[in-house]
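Chemist: First the structure, which I've put down as structure tokens, then a few questions once you've had a look.
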Amino acid sequence: MEKTSKLLFLIPLLPLAGAFLNLFVWRVLSPSTGRLRQSDKLTHYTAILSVLAAFVLSCYLIGGPLWEQFNVWRKLGEGKPEIMGGLHQSVWTWIEVGSLKINLAFRLDTLSAVMLLVITGIGTLIHIYSVGYMHGEKRYPAYFGYLNLFTGMMLILVLGDSLPVMFIGWEGVGLCSYLLIGFYFDEDKNANAGRKAFIANRVGDFAFLLGICLLFYATKSVNFADLQSAASISALKDTFVGGERMAFMIGLLFFIGACGKSAQIPLYVWLPDAMAGPTPVSALIHAATMVTAGVYMIARMSFLYAHSTTAMAIVAGIGALTALFAAIMAFAQTDLKKVLAYSTVSQLGFMFVGVGIGAYTAGVFHLITHAFFKAGLFLAAGSVMHAMSGSGDITKMGGLRKLLPRTHISFLVYCLAIAGIVPFAGFFSKDEILAGAFGAHAEGWAPLYGKFLWAVLSVAALGTAFYMFRLYFLVFSGENRADAETKSHIHESPYSMTIPLLILAAFATVIGLIGLPHLQGVHLPTILHDWLAPSLVNFERPSLLDAKGLPSVGEGHASDAMTLGLMGVALVVGMVGIAAAYALYGRGPSAKVAKMCETELGGEVHRVVYNKFYVDELYEASILAPFRATARFLYEVVDRFLIDGIIVNGSAYIIDVLSRLARWFQNGQVQRYLVGVVIGGALIFYFASSPKLGFKYEQKAGNLVEFRPDVGEGMDAKGALIEFDFDLDGEPDHSASFVPGQDMIVPYSFGGEGSYKVTMTMTDSVFKKKYKVTRTVHVKGPDTGREGGAQ
Amino acid sequence: MNQVVVRWLWVSIAAALVVFFVAAPGLALAAEHSAQAEVSAHTFKNSKAVAFLFWFLAAGTLGGSIFVITRRNMVTAVMGMVATFFAIAGLFLMLYASFLAVMQVLVYAGAIMVLFVFVIMILNRPEDEPWAIHGLLGKGMAAIGLLYLFKRLASILWQVKDTHGLVVEKAQLAADVVLNHADPGVAAGTKELITRSYQFGSVEGVGYTLFSNYLFPFEAVSIVLLVAVVGAIAIARPLHKEAEMADQEAP
Amino acid sequence: MTSAFYDLTVSHFLILAAALFMIGVAGVLLRRNAIIVMMSIELMLNAANITILAFSRGFAGEHRAAFQGQTFALIVIAIAAAEAAVGLAIVVTVFRSRRHSDIDRLTLLKN
């Protein structure tokens with residue numbers, strides 16, 4: 005059940021075209037002067053309009069054809085297909101090798117539709133915000149070009165109909181992330197942050213690529229429709245590799261890829277450093293869209309993960325740990341954006357728990373709400389930093405509530421949303437994950453694994469509320485701690501920045517309503533759940549799946565009391581976090597905190613948390629230091645000594661010596677050449693005429709032995725006198741002249757069995773030079789009559 | 232020319248003439264002898280006179296050539312060369328190459344040596360440092376190599392046996408058997424063979440071969456000579472500018 | 011020794027030619043005057059001629075082929091004449107421009 009759309013390819017193409025115009029036309033046409041130029045207007049209009057057009061087109065396609073199809077699908081009765089095909093467009097055949105045929109094809113189903121709206125919608129707002137934030141930037145066209153390129157690549161990622169097409173987007177967003185993190189590459193720190201992000205991503209991307217290869221090896225197909233066919237599913241679940249299903253291996257590789265892209269343990273380290281980029285970039289790439297690509301990918305591959313409870317347990321476990329540790333690390337950060345970065349890592353962990361326990365809708369739901377409030381938080385942080393002359397140090401802020409009213413109100417909304425306070429968006433999505441985790445169990449999982457996940461996440465949620473409001477109180481309440489110079493410049497940001505903030509705040513307030521909880525008693529509209537159902541594996545309809553051994557999770561199992569109780573717990577946890585933050589930081593940095601840090605235990609804890617559990621140092625010691633040592637070894641020993649010293653310079657030295665030798669002959673004087681000719685001729689004669697004297701013998705009947713002289717290849721042998729002395733009396737017993745080409749046979753009868761010494765002498769016919777060789781000849785007795793006579 | 236040059240000039244010419252005029256009667260003697268003596272397939276006739284003649288000519292050849300390469304004065308070297316060529320002409324005669332011997336005297340000892348003398352006269356510059364002392368080590372090695380080569384070559388050449396013998400000798404060998412042969416045709420053929428054998432090395436014999444079997448090489452050589460003549464003139468002619476300057480200086 | 015002295019064979023001529031050739035090579039090797047070097051070359055050519063004629067005398071069996079060697083020697087003489095003419099012309103030219111004919115110092119093609 006799918007429909008062909010001719011407009012689909014335009015969605016990624018529009019931002020890509022904008023990127024092309026910005027990067028290759030406007031940027032080249034306008035030399036950078038540092039002022040807002042006429043061409044800068046052209047630049048941001050191009051950028052904004054291309055993304056806006058993509059947004060409008062997405063709305064049209066989703067609201068029109070896809071909505072129609074969805075309604076038709078929903079009303080189908082028994083025997084309706086599990087998966088709704090959505091809109092499909094094959095642009096051209098990209099790769100065709102043997103049985104492998106990959107089309108550059110796009111598919112818009114309900115899952116990608118959600119992502120599409122998030123990317124283009126929030127993307128448009130962030131583009132608009134950037135106009136104000138990047139005002140006067142030297143590389144203005146490049147910035148918008150990269151941003152557009154990112155949007156286009158992200159759209160390819162979510163719209164790709166097959167894994168290779170998805171991988172184009174996957175790599176493309178990584179590239180844009182690198183370019184934008186290192187946008188201020190004048191400073192080493194920023195350029196290094198870009199590299200760090202790129203390398204950490206590469207680790208994940210490589211695993212992802214391996215996963216694609218393994219998947220193709222297992223199922224012979226790479227596009228999502230074929231992968232969900234019965235044959236492919238069977239190949240995934242009935243093939244075992246090392247005791248685990250093929251689905252586990254592939255799922256694990258994909259998850260490592262997701263860890264890189266979505267900043268999970270152990271590959272999360274790049275995300276905090278990525279804050280070196282411009283703040284709107286952090287909002288768009290490192291909060292709302294790119295980092296959620298891993299979650300999206302796992303949701304997209306839900307049919308695969310559904311067949312390996314082990315893989316799902318790993319995804320959920322890693323997600324929960326990430327959520328907890330990132331939240332704790334956020335406690336002690338003093339940089340506004342760093343706190344938000346750790347918060348992002350933590351929230352991504354929540355999403356992974358969601359997809360890991362099979363509550364895909366919950367994971368995607370949290371992805372959506374998080375996209376709104378976290379993008380908003382970053383933009384608000386940008387607005388604050390804009391006001392604070394670019395500094396993000398929260399110890400120097402405070403009391404900005406009055407000075408930045410619009411920023412303040414939206415920031416508060418976002419904080420309430422992320423802390424999980426009713427009725428803001430984060431409450432519903434986080435609660436859905438928590439509830440799912442509480443009830444999650446699958447065959448093969450440890451007992452109470454779901455409860456454990458829930459407990460960990462609850463602590464993380466407590467931490468989330470605490471560090472977010474710590475941030476809020478430090479920035480907006482109390483006295484302003486900035487110096488006078490900065491203080492005098494504090495001003496509210498322009499409307500191009502604050503209006504997107506307010507729009508996002510509005511969404512952060514209400515977007516939670518699309519995912520109201522499932523209650524048995526009252527039927528609340530569960531819009532998102534219904535909408536995503538045709539794209540995700542649904543554990544309530546296990547006909548497509550192997551029912552046995554699957555997580556008995558998902559939505560709608562728990563009783564109303566349980567559901568409401570968990571909601572209450574979540575709400576209380578959020579409140580407690582806020583209260584704790586108020587108690588400690590309500591009026592700016594309090595003496596209590598300082599005192600706690602002075603105690604031995606408190607100081608130790610503070611130091612560990614402040615240094616982010618020394619993970620960077622751990623990487624430094626475990627990976628980077630050995631790597632550097634290896635590199636130094638390769639450089640000093642292999643490259644400098646072996647390659648440069650021996651191979652390159654050594655060969656050059658040998659050539660040099662040989663050349664000197666050759667130059668001695670090639671000096672341009674005919675006489676010297678003649679010397680060479682003469683010496684060469686003499687050497688030829690010398691080597692061609694040295695005899696290698698010897699002889700062979702063969703015992704014939706009885707004691708008769710035949711000798712064959714072997715005079716070698718020398719010229720001296722011609723006409724030479726060959727003499728044999730058989731009895732060592734010094735007198736030749738046989739002598740003959742050697743004729744080349746004739747076989748010379750000398751017979752001799754020995755007295756009996758035994759060993760004899762035979763001497764052969766060759767006398768050169770011209771100079772009478774003698775060559776002599778002596779060998780021992782063994783004469784065997786007759787076989788007959790010995791040892792009883794076998795014959 | 233200084234006194235030394237003049238003296239060596241006369242000595243050389245005298246030596247050359249002596250060599251030639253001693254050789255000529257010796258050769259005549261040898262020719263007669265070989266026609267009459269008994270046949271040997273491998274050696275020249277066992278005549279002491281012939282042997283002495285050979286060693287005399289050999290001494291002339293080697294002595295003359297060593298003289299050539301050791302003289303500082305080029306004119307004396309050329310004179311030694313002339314003597315060498317006369318001796319070589321004598322050797323040619325001993326090898327039944329009478330026409331070649333004549334050519335040797337005419338072309339080499341005559342034309343080419345005159346050319347050398349002319350050039351030496353034109354240059355008119357006595358040699359100041361005759362020996363090329365650069366790369367003495369290499370040259371020493373080359374000298375050792377030369378001696379070794381000569382030794383090896385000699386040991387090989389010494390074993391060369393002229394198994395075929397001469398047409399002359401063959402014919403004479405056959406003569407006794409066949410001249411009185413019953414078949415007149417065979418006798419006539421043998422007679423012709425004998426006649427031809429006396430022509431060995433003659434102008435007629437060489438000319439016959441040259442203009443029959445070797446016509447093409449002959450013509451090719453004539454073209455080579457023509458090219459050489461034109462080339463020599465083109466190379467040796469003074470450049471246009473120099474010629475003009477020479478003309479201006481002349482009067 | 012007596013026999014080797016009186017019983018002349020083709021080998022005598024060949025070895026004599028070899029000796030003459032070696033002297034020619036030595037001349038080319040050791041002398042630096044271009045004219046002497048050319049004369050040494052002429053010596054080598056004559057050595058070759060003696061060798062040709064000696065083999066011709068020793069091995070020319072059939073009368074049709076009997077004069078091959080002598081014809082060849084004649085051609086060698088002609089070529090030697092041509093070579094001497096061109097070579098001397100070059101020597102003259104070199105001498106005219108450089109005022110010497112020392113082959114050690116004729117290093118225009120070197121470096």
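Protein chains in written order, with the working numbering: chain A, 5 to 795; chain B, 232 to 482; chain C, 11 to 121.
All C-beta atoms, glycine included, are put in the ideal place defined by N, C-alpha and C.
These numbers come from a predicted model, not from an experiment.
Distance cutoff 8 angstroms, beta carbons only. Does L665(A) sit that close to anything in chain C?
Modeler: Not an interface residue.
Chemist: Flag L678(A) as yes if its beta-carbon sits less than 8 angstroms from any beta-carbon of chain C, otherwise no.
Modeler: With 8 angstroms as the cut-off, L678(A) counts as an interface residue toward chain C.
Chemist: If you follow the beta strand (DSSP E) that I1(A) is part of, which residue opens it and which one closes it?
Modeler: For chain A, the structure presents residues 5 to 795; residue 1(A) sits outside this window and is missing.
Chemist: Measure the CB-CB distance between F323(B) and H22(C) and report whether it falls below 8 angstroms.
Modeler: Not a contact, by the Cβ cut-off of 8 angstroms.
Chemist: Buried or exposed: where does D230(A) fall if 16 or more other Cβ atoms within 10 Å of its Cβ makes it buried?
Modeler: Exposed, since its Cβ has fewer than 16 Cβ neighbours within 10 Å.
Chemist: Using only alpha-carbon positions, find the residue among V368(A), I322(A) and G264(A) that is nearest to S306(A).
Modeler: Closest option to S306(A), Cα to Cα, is V368(A).
Chemist: When the cut-off is 8 angstroms and only beta carbons count, does L18(C) lie next to chain B?
Modeler: By this cut-off, L18(C) is an interface position.
Chemist: Could you give the uninterrupted runs of the alpha helix (DSSP H) lying entirely in the stretch 364–396 of chain A, keeping only those of 4 residues or more?
Modeler: 364–391, all fully within the stretch 364–396 of chain A.
Chemist: Does the beta-carbon of G685(A), which I'm using as the reference point, lie nearer than 7 angstroms to any heavy atom of the ligand ZN?
Modeler: This structure lacks the ligand ZN; in fact it carries no ligand of any kind.
Chemist: Go ahead and label E141(A) buried or exposed: buried means 16 or more other beta carbons lie within 10 angstroms of its beta carbon, across all protein chains shown.
Modeler: The residue in question, E141(A), is buried, as its Cβ has 16 or more Cβ neighbours within 10 Å.
Chemist: Do A373(B) and L84(C) have their C-beta atoms within less than 8 angstroms of each other?
Modeler: No, the pair does not count as a contact, with Cβ atoms beyond the cut-off.
Chemist: Could you have a look at F94(A) and say whether DSSP puts it in helix, strand or coil?
Modeler: First, the residue type needs correcting, since residue 94(A) is Ser and not Phe in the sequence shown. S94(A) falls in the strand class under three-state DSSP.
Chemist: Who does I361(A) pair with in a DSSP beta bridge?
Modeler: None, per the DSSP bridge assignment.
Chemist: Buried or exposed: where does S9(A) fall if 16 or more other Cβ atoms within 10 Å of its Cβ makes it buried?
Modeler: Its Cβ being crowded by 16 or more others within 10 Å, S9(A) is buried.
Chemist: Check the Cβ of T292(B) against every Cβ in chain C and list those closer than 7 angstroms, keeping chain order.
Modeler: The answer, in chain order, is L26 and L30.
Chemist: Give the secondary structure of T767(A) by DSSP, where H, G and I count as helix, E and B as strand, and everything else as coil.
Modeler: Here T767(A) sits in strand by DSSP.
Chemist: Comparing the C-beta of V333(B) with each C-beta of chain C, is any distance below 8 angstroms?
Modeler: No, V333(B) does not count as interfacial toward chain C.
Chemist: With 16 as the cutoff for other CB atoms within 10 Å, does D747(A) come out buried or exposed?
Modeler: With fewer than 16 Cβ atoms within 10 Å of its Cβ, D747(A) is classed as exposed.
Chemist: With G698(A) as the anchor, note down where its beta strand (DSSP E) starts and where it stops.
Modeler: Per DSSP, G698(A) belongs to the beta strand (DSSP E) from G698 to Q703.
Chemist: Which residues of the stretch 743–771 of chain A have a Cβ closer than 7 angstroms to any Cβ of chain C? Give them in chain order.
Modeler: Those would be none; no residue qualifies.
Chemist: From the DSSP output, read off the bridge partner residues of T8(A).
Modeler: Looking at the DSSP assignment, T8(A) forms a beta bridge with H92(A).
Chemist: Identify the contact partners of Y327(B) in chain C, using a Cβ-Cβ distance below 7 angstroms as the criterion.
Modeler: Those are R67, listed as they occur along chain C.
Chemist: Which of the three DSSP states, helix, strand or coil, is assigned to A109(A)?
Modeler: Of the three classes helix, strand and coil, the one that applies to A109(A) here is strand, per DSSP.
Chemist: DSSP on A740(A), reduced to helix/strand/coil?
Modeler: Looking at A740(A) - three-state DSSP - the assignment turns out to be strand.
Chemist: Closer than 9 angstroms, Cβ to Cβ, to anything on chain A: give me those residues from the stretch 95–114 of chain C, in chain order.
Modeler: Flagged, chain order: I113 and D114.
Chemist: Chain A partners of V35(C), CB-CB under 9 angstroms?
Modeler: L678, V681 and V682, listed in chain order.
Chemist: Consider the Cβ of F467(B): report whether some Cβ of chain C lies at a distance smaller than 8 angstroms.
Modeler: Correcting the residue identity first, residue 467(B) is Ala in this sequence and not Phe. Judged by the 8 angstroms Cβ criterion, A467(B) is in contact with chain C.
Chemist: What's the call for G572(A), buried or exposed, on a 16-neighbour Cβ count within 10 Å?
Modeler: It is exposed - the Cβ of G572(A) has fewer than 16 other Cβ atoms within 10 Å.
Chemist: Which residue from A308(B), A332(B) and V249(B) puts its Cα closest to that of I87(C)?
Modeler: When only C-alpha atoms are compared, the closest one is A332(B).
Chemist: Would you give the residue range spanned by the beta strand (DSSP E) that V781(A) belongs to?
Modeler: First-last of the beta strand (DSSP E) with V781(A): K774 to V783.
Chemist: From what residue to what residue does the alpha helix (DSSP H) around P713(A) run?
Modeler: Run containing P713(A): none in the alpha helix (DSSP H); it sits in the beta strand (DSSP E), L708 to D714.
Chemist: Tell me whether F428(A) sits in a helix, a strand or coil according to DSSP, three-state version.
Modeler: Of the three classes helix, strand and coil, the one that applies to F428(A) here is coil, per DSSP.
Chemist: Contact criterion: CB-CB distance below 8 angstroms. Does L367(B) meet it with respect to chain A?
Modeler: No, L367(B) lies away from the interface with chain A (no Cβ there is under 8 angstroms from its Cβ).
Chemist: State the Cα-Cα distance for the pair R611(A) and I130(A), rounded to the nearest angstrom.
Modeler: Rounded to whole angstroms, R611(A) to I130(A) spans 36 angstroms at the Cα level.
Chemist: In terms of residue numbering, what span does the beta strand (DSSP E) encompassing E727(A) cover?
Modeler: Taken as a continuous stretch (DSSP letters only), the beta strand (DSSP E) holding E727(A) covers L725 to D729.
Chemist: Reducing DSSP to helix, strand and coil, say where L24(C) ends up.
Modeler: Helix, per DSSP.
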